[in-house]
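Chemist: Quick one: structure below, then a few questions.
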Amino acid sequence: MKTRHRHAILVPSWLRKGLIVAAALLGAYALLAYVALPSVWTHYEHQRGLQGRPMVTHTEQGIPGDPLNVGLVGSKEDVVRAMHAAGWYPADPITLRSSLEIVDSVLLDRPYRDAPVSPLFYQGRREDLAYERPVGSSADQRHHVRFWRVLESGQEGRPVWLGSVTFDRGVGVSRYTGQVTHHIAPDIDAERDGLINDLVQAGMVATRYQVSGIGPTLNGRNGEDDPYFTDGEIWMAVLVVAGDKRTQPPAVLVSPPLVRAKNGVWNIVMGTWRNASK
Numbered sequence: 135m136k137t138r139h140r141h142a143i144l145v146p147s148w149l150r151k152g153l154i155v156a157a158a159l160l161g162a163y164a165l166l167a168y169v170a171l172p173s174v175w176t177h178y179e180h181q182r183g184l185q186g187r188p189m190v191t192h193t194e195q196g197i198p199g200d201p202l203n204v205g206l207v208g209s210k211e212d213v214v215r216a217m218h219a220a221g222w223y224p225a226d227p228i229t230l231r232s233s234l235e236i237v238d239s240v241l242l243d244r245p246y247r248d249a250p251v252s253p254l255f256y257q258g259r260r261e262d263l264a265y266e267r268p269v270g271s272s273a274d275q276r277h278h279v280r281f282w283r284v285l286e287s288g289q290e291g292r293p294v295w296l297g298s299v300t301f302d303r304g305v306g307v308s309r310y311t312g313q314v315t316h317h318i319a320p321d322i323d324a325e326r327d328g329l330i331n332d333l334v335q336a337g338m339v340a341t342r343y344q345v346s347g348i349g350p351t352l353n354g355r356n357g358e359d360d361p362y363f364t365d366g367e368i369w370m371a372v373l374v375v376a377g378d379k380r381t382q383p384p385a386v387l388v389s390p391p392l393v394r395a396k397n398g399v400w401n402i403v404m405g406t407w408r409n410a411s412k
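Counted from 1, the sequence shown has number 205 at position 71 by this note's numbering; the numbering is strictly sequential.
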């Protein structure tokens, strides 16, 4: 009877140790990036009712859309007054006529400050309010924001709105619906900061603070497959009541130390990237 001999594959000890170290580092990275750090960076101490909520919108087809990156605290009347004072215009609804007006505005370089925005959905609901701020003389480029009323009464005892503000860099056709639509610029933090600054400059903000959004994201994609990046924070603005303009800078509530440290590192990296891109 013949005996079969199995020949073991000999792995050099240095390679075996290297594989073990690599596996340990990979495991540590996965634990750090997907478990530990997100839990450290997640904070809702200034608006606890937002904890556990999704922070990304969806298209009508259910595709993840633009992330939420801005919030307002105040009644609908307070929001309308504040946005008007800050120089933002309510967007028209999407109709055949308004879509043709966008095309006319872009092709003939005519102003259309009330141009519609394509609908997005948050937890199954279309936006409650939509605003824009034109750039130049046509609807080709513009700042725009959508808002959803998400809490009837937040920490301040007033309604809380979450929004998604982005910059439209140009007009195109939706790859999913065939409708005329805009494509966004990737730096959505700059748009968030710009809107908050507009409201502050108009004297419409009493207090501002951050809560967690989607978290740090370098390679996000929205519903039109446009890329975006963000530090993942939502800037919340507590609006003045009844349009009572504030003459002093708003109070700023601080975030936890680790969140501030994360934002500091992010700002350094993004500052370097922006300067290199000029």
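Glycine included, each C-beta is placed from N, C-alpha and C at the ideal position. Being a predicted model, the structure only gives us computed values, none of them experimental.
1) Exposed or buried, what is Leu373 when buried is set at 16 or more other beta-carbons lying within 10 Å of its beta-carbon?
2) Could you give the C-beta distance for Val207 and Gly288, rounded to a whole number, given that I count them as a contact under 8 Å?
3) Find out if the Cβ-Cβ distance for the pair Val299, Val269 is shorter than 8 Å.
4) Between the Cα of Tyr265 and the Cα atoms of Gly199, Arg292, Arg276 and Arg380, which residue gives the shortest distance?
5) Exposed or buried, what is Pro361 when buried is set at 16 or more other beta-carbons lying within 10 Å of its beta-carbon?
6) Select from Ala385, Phe363, Leu392 and Leu184 the residue whose C-alpha is nearest the C-alpha of Trp282.
7) Let me check one thing: in DSSP terms, what residues is Pro361 bridge-paired to?
8) Would you tell me roughly how many angstroms separate the C-alpha atoms of Pro224 and Leu296, rounded to the nearest one?
9) Does the structure place the segment 402-410 close enough to the segment 374-387 that three or more beta carbon pairs sit under 8 Å?
10) Quick check: what's the CA-CA separation for Ala219 versus Leu333?
11) Measure how close the beta-carbons of Val190 and Pro201 come, nearest whole angstrom, since I'm counting them as under 8 Å.
12) Taking C-beta to C-beta, are Glu367 and Gln344 nearer than 8 Å?
13) Looking only at its own chain, which residues have a Cβ that is under 8 Å from the Cβ of Arg182, when we skip the five neighbours before and after it?
14) Using only the alpha-carbon positions, how far apart do Trp222 and Trp407 sit?
15) Output yes or no for whether 8 Å exceeds the beta carbon distance between His177 and Pro390.
16) In chain order, what residues of the same chain have a beta carbon less than 6 Å from the beta carbon of Gly199, not counting five sequence neighbours either side?
17) In this structure, how does DSSP classify Ile368 when only helix, strand and coil are distinguished?
18) Kindly give me the distance between the Cβ atoms of Lys379 and Gly347, rounded to whole angstroms, as I take these residues to be in contact under 8 Å.
19) Does the distance from the C-beta atom of Thr341 to that of Gly354 stay below 8 Å?
20) What do you get for Pro188, buried or exposed, if any count of 16 or more other CB atoms within 10 angstroms of its CB means buried?
Modeler: In this structure, then:
1) buried
2) Gly288 and Val207 do touch by the CB rule: their CB atoms are close to 6 Å apart, below 8 Å.
3) no
4) Arg276
5) A residue is called buried when at least 16 other Cβ atoms come within 10 angstroms of its Cβ; Pro361 does not meet this threshold and is exposed.
6) Leu184
7) Arg355
8) 16 Å
9) no
10) 8 Å
11) 5 Å
12) yes
13) Gln289
14) 29 Å
15) yes
16) Excluding residues within five positions, the ones whose Cβ falls inside 6 Å are Thr191, His192, Thr193, Leu254, Asn356 and Gly357.
17) Ile368 falls in the strand class under three-state DSSP.
18) The pair is not a contact, with the Cβ atoms about 29 Å apart (cut-off 8 Å).
19) no
20) In this structure Pro188 is exposed. Its beta-carbon is surrounded by fewer than 16 other beta-carbon atoms within 10 angstroms.
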